[in-house]
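Undergrad: 1 is the number of the first residue of the sequence shown in UniProt numbering; add one for each residue after it.
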Amino acid sequence: MDATNKVLDLNDYDKLYLLMCKWRIIRLFNPLCYAADVTSVEDLEKKVRTNLHDLKRKLPAWSQSEYFKDDLETIEKVIEDSKTVNYEDLPSLLGIKRNNYREDLEDAGVQMIQKKHLSLQRKIALGRPYSGDVYTAQWSQGHNTVDVVLRFDFGPAQRELFIREAKIMTCLSHEYIMKFYGAVILGSYADSVGLAVEFFSKGNLEEFRVPSLFHAWLYASQLSSALKYLESKHLVHTSVAEPFVYISSLEKISLGGFMCCYYEEEIKETKQKGQHGNLLLSTITGHQGHRLDDLSGRGVVALLSHVVLSMFRYLDSHCLSQLVNLFPDRKEHPLVCPSGVSSLLERCQEEDLSKRPTFHDIVQTLAKERPAKFCFTTSNSSTEPCELSYDQGENVWVISQDTSRYHGMWFGQKEKGAAGFFESEKVIRTDDDNQVPHEIRARGIEAQLAYNIALLEGKVKVCRARLLIIGQDRAGKTSLKNSLMGLPFNPNEPSTEGLEVNSSKLEVNVEQLVEWKAVSEEHKDVEQASLQKRCIARLVASQMLEKKETKASQTLPPEEKEMLDEKDVAQEQLNGLHFTANPPASNLTQEPRKVFAQDLVNGSREKPTPKPKIDMPDELTPLVTECLKSPEKIDGNSATETVLDIWDFAGQHLYYATHPIFFCHRAIYLLVHNLEKKPNDLAEPSFKHGDHVVPLKNTSNETNLDMLLSWLVSVHSICRPPVEHDVKELCKSSLRCLPPPVLMVGTHADKVSTQEIKQVESEISKSLKGKTYQEHVLSPFYKVDNRQSSKSREVQQIQAKVQQILSSGLISTADLPVKWFNFEKALKSRTEGGTFFLTLEEIHTVAQEECYIEDNEQLDTMLNYFHDLGLIVRFTDIVVLNTQWLVNLFKKLISTCHFEEQDPVDRKLWEELEETGVLQKELIDKVFEDLEEGRYKSLQQSVLEMMEKYSFVAKFQHQIEPDQQQNISCEGKIVKYFVPAQLRLSDSALQKLVPQEGDPCALIYKFCDGFVPHGLFPQLLSRLIARCPILECTTPPKLYCDAARFILGKRGQYDLVLLCSKHYIKVVLRGYNLNMSSNSLENGKSMACQVRILIDGELRSLSEQWQWLRNVRYKVCVTCSACKSSDVLCKRHQSATCLDQDCLHFLPISSEVVDPSTPFICPEQVGNHSRFTVSNLHLWYCSIEDNPPESPQLARIADIDITRLAKEIVEVWKKVARLLGLEDAIIKQIAIDEKGNVYEQSYQMLFTWKKSQKNSDALCGQL
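(1) For a test of the three-state rule: what should DSSP assign to Ile1184, helix, strand or coil?
(2) What do you get for Lys77, buried or exposed, if any count of 16 or more other CB atoms within 10 angstroms of its CB means buried?
(3) Report the rounded CA-to-CA distance for Asp107 versus Met178, giving the unit in angstroms.
(4) How long is the line joining the alpha carbons of Gln1105 and Phe952, rounded to whole angstroms?
(5) Going by beta-carbon coordinates alone, are Leu28 and Ser82 separated by less than 7 Å?
(6) What residue from Leu59, Leu1048, Leu1099 has the CA that sits closest to Tyr1015's CA?
(7) Taking all protein chains shown into account, decide if Ile843 is buried (16 or more other Cβ within 10 angstroms of its Cβ) or exposed.
(8) Rounded C-beta distance between Val236 and Ile267? I'm assuming under 8 Å.
(9) Does DSSP put Asn602 in a helix, a strand or coil?
(10) From the DSSP output, which residues share a beta bridge with Cys1089?
(11) Around the Cβ of Trp1249, are there at least 16 other Cβ atoms within 10 angstroms (buried) or fewer (exposed)?
(12) Return the residue from the list Ile26, Val245, Ala166 that minimises the CA-CA distance to Gly155.
(13) Are Ile805 and Ile668 close, meaning C-beta to C-beta below 7 Å?
(14) Tell me which same chain residues have a C-beta within less than 6 Å of the C-beta of Gln111, skipping the five on either side of it?
(15) Using a Cβ-Cβ cutoff of less than 6 Å, which residues in the same chain neighbour Phe875 once the five nearest sequence positions on both sides are dropped?
(16) For Ile440 versus Tyr1040, is the C-beta distance shorter than 7 Å?
(17) Can you tell me which residues form a DSSP beta bridge with Val873?
(18) If we ignore side chains and look at the alpha-carbon of each, how far apart do Asn575 and Glu423 end up?
(19) In three-state DSSP terms, what is Cys319?
(20) State the Cα-Cα distance for the pair Asn278 and Thr270, rounded to the nearest angstrom.
(21) Using the Cα positions of Ser224 and Phe359, report the straight-line distance between them to the nearest angstrom.
(22) What three-state label does DSSP hand Ser249 in the structure shown?
(23) For a quick check, are the C-beta atoms of Gln272 and Ser305 less than 7 Å apart?
(24) If we call anything under 7 Å between Cβ atoms a contact, is Leu1003 one with Val1067?
(25) How big is the Cα-Cα spacing for Leu871 and Ser379?
(26) Can you grab the Cα-Cα spacing for the pair Gly257 / Ile75, in whole Å?
(27) Which stretch, first to last residue, makes up the alpha helix (DSSP H) that contains Lys47?
(28) Is it true that the stretch 137-152 meets the stretch 189-205, where meeting means three or more beta-carbon pairs spaced less than 8 Å apart?
(29) For Ser1103, which of helix, strand or coil comes out of DSSP?
(30) How long is the line joining the alpha carbons of Leu59 and Leu16, rounded to whole angstroms?
(31) For Val752, which residues in the same chain have their Cβ closer than 7 Å to its Cβ, ignoring the five residues on either side in sequence?
(32) Pairs of beta-carbons, one from the stretch 989-1009 and one from the stretch 890-898, closer than 8 Å: are there three or more?
(33) Evaluate Pro898 with the Cβ neighbour count: other Cβ atoms within 10 Å of its Cβ, from every protein chain shown; 16 or more gives buried, anything less gives exposed.
(34) In terms of residues, what are the limits of the beta strand (DSSP E) holding His673?
(35) Whole alpha helix (DSSP H) runs in the stretch 1009-1072 with 4 or more residues, listed along the chain?
(36) How long is the line joining the alpha carbons of Ser483 and Ser895, rounded to whole angstroms?
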């Protein structure tokens, strides 16, 4: 063969393709390579000869065709030919030229995806001219996988369209447009193109049931926004139809079908050449059969209108079946379609193209026509078929307020779908759910109703954001906080003790980069007024301007009219807001306000009694004047000023137990580390007090890198509340990370070289690879010199990044009732005066007399809201007004004070606390001595109960004989308080403790993310101490910083030892002086069984109770004996029997290996020693009823992903439905409604069951 024609770089796919071309079965190439995962001729031979059944299963259409046998014979010829053929000669013999698909696509910026990283799941669409064969697939990206849809061509014409589609989609990036991941090119000679795009589990609009008129409006708005974006890119989508509108979530659609997209220039050239018919795909239609009447944006407008109309017609037929007959003369447009939207749709279908609106017009019109949402203030059960029945707190979308239709009633649709008429007096206007704070939504319908009623008397917008600074001790976190605030560097900055919370507030404009400034509490002028005052001033000014417009008919000269209006209207608006510096006289009754609140609930709208005149507070006068001079500042769409609270967390292990309580899924985290410390060096924890640096012990042998990663694991353990379902998707789409976002910041950059910084960052990046929690970390890594304070370029970059995150929508802006703002101000004035807590009775007085909050339900909702925000802490009968004050109180109770600060008579008690973790009552009493006399006792009990609830302290109590008097409470009990987090000492003897013959083996609780989450071990110990009576523990436990010993049994015949390393918790149970007659069973269960059940239950309870632990995953394991006894050298320490905890190998326990005769199998070892049994493992599971769970936790009902689960039960969904207790009538109706779509039947069944569960926080044991 001539050297000039020599073919190079043929891969396995090329060879297979060329052979199949030679034997003329090229039509099977793509199905075999994609669906059957054939990678070469050799692989094809293996599958045909050893696993033909699997091949037929993956290609059912082919295996059942009449050509199957002939094709198999041809494939055999291909296989035989492959053994002798010269592949280099085939291209010239077959006339096949090298394709340039890869180069062409890469030049256009298209990402290439390797076929080996794609695993096809199932076929979801037949081969069509515009889509090709369509499969769901999983795209592997390292340790993570992404669900995608993979399409591959089945012909040359379609292949060119795929390439064109890939180029178009690569240039598109829009919220409501399908994501394009990349293209698959199998080889340089294999004529094959595959496309990987976004997967939508809910299908497309043709298959989906539109839930309500709001969703029809929402999808219309999103679709028009996507088309407007395409228009800006000079693209015309010629097939806007239901099959190409995909359901991303209940609240979002995505537009696809970009094989039907053309650039305006293409269309123009085609028309000029008279080749209009060559745009073959412009005729694709939806199930309504509407076609494009003009190849332009105005033609697409008509297609959009037909899609929108079909959604409203669907609602008409499914929600208004009983009402249709009442309106025989109704217009062409559906009843459920609001009149403004109907008018817009009519314009979209005008015969005269010039009269049709543009996409810009459509977007703006739909924004104005957003359906109004109302909330029912009472319940009603109607027997009339055209009237709605509803419960108090239910929401309704208003379709028409035309009272002439039916007995003076409004017409609307409930969120659950039913439509009908209702009395307008029985509803109040509400905001969109996304604008209602999630803390309110989490409290239920009653709280939302109270919140909405409170908004009626005035509201302000507020955006509260948190910036949490976390990291290793002495890393420079406080100095970084000062740099962000523009404060000078303090080289003698002491260590933070506990948590500095709400001490640093910044006002940040999230729309543009501005200098961050701390809000001064000392300056009260206009420039530094609080956010609350300025918000109220804007509200007053806004309402004054509105009132002025209603007085346009007055004949006064303009100058006098403006002065009079501002004076009168200001008084009227301030009275309406009840904002006053001086409360009204006591003889002015508040009864009218009570009547008004009651009337709102009952539906009456009588005007309340006029309120007393109140003078405008002096502090508001200049602010209101400023707003009136600059009306644009009043606009709610202007840049939002955000109050950003910076929380500075201490880095010492002592405070780890308390930190996660203040973690928030909507916060931004700065994870700080010292660049001077090499990542793999052992950490040297220390604490700075005054001029002294006190070294602390590193009992777990943690490296600096371990400490950094353990903080990330703790952040990853945080779970978003169920009502915050949109946060994860928002973070993924806007920030491309998991919430909450984390910024990595290295300090002391001035003391290390650029090369050293790169080395540290490289080691951190390497350690993050393959870890789930790496998805929280945003790039780049920052390195700062805190000596430069805010002048540092890197500090300014961090500020800019924080503002970018805030503007992405992660931190939401919420409406808040003005009265609630006034209440917050009243509490703040008391804390400034030195009052840090009030009784509930005093709170009621403040709310009624100063803020005019008469309704107890509203007060209860407000207190709960401020408590959930962390602004106050609400106890049963006491409210703490300042969170920082309470944190400082906690700190005094759980940490030892320094020697010079101790009273001589108390030094023994402080030593006992430091060495044993025992907090004596005398010390507790002393902490509360500084509080107001006569009031601290009730607060003391409430604080102790709260600390028990959060496991800061654990109360150990044991009933003793009456003749013993030492350490006895009045109930005849030994009562001691333990502070597990306080301990700093370790016990080497406990670390070496191992089970003896007859004892159950050691259990290992190994945490899947690599580290025991911060605070979990002290929390577990606190709970076990409180449960000591269950295990007959009569002796106070012995606690250490990384271990605990409990003496169990009536005669103290058992030692229970818990050992905590950085990666796992080890449980050892030793028995002493046991004999056959010893009664170590309780209720038929052994002590080991009781212990394991208790520990499993407490870990599960912690995960269920606290949102900062809900993402924690662990496995119950045993130590691998095969690796322990292996001669293979440890890669890290080059030791044959390495016992370092980082090198130990653990194997998870399953139900099979509990049987003493069933061996464990170590996948890391080979030979006889790779199989082994574990002595007495079965003792942990001795009860017949108690088998080891495959998964240590059950998910909560609220957290079940029914979209994913529905795919797994499609074949047995009816059986599952009956097991879940759904009635046969409901099952039958679902089958009818979703006839022919098994997935949707499965999904709707799970959706129906999930909605029927009253307690969404319960575990889904039933499922």
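Here a beta-carbon is modelled for each residue, glycine too, at the ideal position from N, C-alpha and C.
TA: Answer, in terms of the structure:
(1) Bear in mind that the predicted position of Ile1184 carries a pLDDT of just 38, short of 50, making it unreliable; the figure below should be weighed with that in mind. Reduced to three states, the DSSP call for Ile1184 is coil.
(2) It is exposed - the Cβ of Lys77 has fewer than 16 other Cβ atoms within 10 Å.
(3) If you take the alpha carbons of Asp107 and Met178, they lie about 22 Å apart.
(4) Computed Cα separation, rounded: 15 Å.
(5) In this structure, Leu28 lies away from Ser82, with their beta-carbon atoms at least 7 Å apart.
(6) One detail in the question is off: residue 1015 reads as Gly in this sequence, not Tyr. Nearest option by C-alpha distance: Leu1099.
(7) By the neighbour-count definition (other C-beta atoms within 10 Å, threshold 16), Ile843 is a buried residue.
(8) At roughly 6 Å, the Cβ-Cβ gap stays under 8 Å, so Val236 and Ile267 are in contact.
(9) Any answer about Asn602 is weak, because its pLDDT of 37 lies below 50 and its placement is not dependable; what the coordinates show is given next. Helix, per DSSP.
(10) Cys1089 is not bridged to any residue.
(11) Trp1249 is classed as buried because its beta carbon has at least 16 other beta carbons within 10 Å across all chains shown.
(12) The option with the nearest alpha carbon to Gly155 is Ile26.
(13) Yes, these two residues count as a Cβ contact at 7 Å.
(14) Cβ neighbours of Gln111 beyond the five flanking positions: Gly182.
(15) Closer than 6 Å at the Cβ level, and outside the excluded window around Phe875, lie Ser942.
(16) Their beta carbons are not under 7 Å apart, which means Ile440 does not touch Tyr1040 by this criterion.
(17) Note: Val873 sits in a beta bridge opposite Val880.
(18) Its pLDDT being 42, under 50, Asn575 is placed unreliably by the model, and nothing is read from it.
(19) DSSP places Cys319 in helix when its eight states are reduced to three.
(20) A caution first: Asn278 carries a pLDDT of 47, below 50, which makes its placement in the model unreliable, though a value can still be read off. Asn278 and Thr270 have their C-alpha atoms roughly 8 Å apart.
(21) Going by the C-alpha atoms only, they are around 6 Å apart.
(22) When secondary structure is reduced to three states using DSSP, Ser249 falls in the strand class.
(23) Against a cut-off of 7 Å, the Cβ pair of Ser305 and Gln272 comes out as no contact.
(24) Taking 7 Å as the Cβ cut-off, Leu1003 and Val1067 qualify as a contacting pair.
(25) Cα to Cα, the separation comes out at about 34 Å.
(26) When the Cα atoms are used, Gly257 and Ile75 turn out to be separated by approximately 36 Å.
(27) 41-50 is the extent of the alpha helix (DSSP H) around Lys47.
(28) Yes, since at least three Cβ pairs between the stretch 137-152 and the stretch 189-205 fall closer than 8 Å, the two stretches touch.
(29) In this structure, Ser1103 counts as helix in the three-state DSSP scheme.
(30) About 18 Å.
(31) Excluding residues within five positions, the ones whose Cβ falls inside 7 Å are Leu675, Glu676.
(32) The stretch 989-1009, when compared against the stretch 890-898, does not touch it at the 8 Å Cβ threshold.
(33) In the sequence under discussion, the amino acid at residue 898 is His, which differs from the Pro named in the question. Exposed, by the Cβ-count rule.
(34) For His673, the enclosing beta strand (DSSP E) stretches over residues 668-674.
(35) Counting only runs of 4 or more, we get 1016-1026.
(36) One alpha carbon belongs to Ser483, the other to Ser895, and they sit about 29 Å apart.
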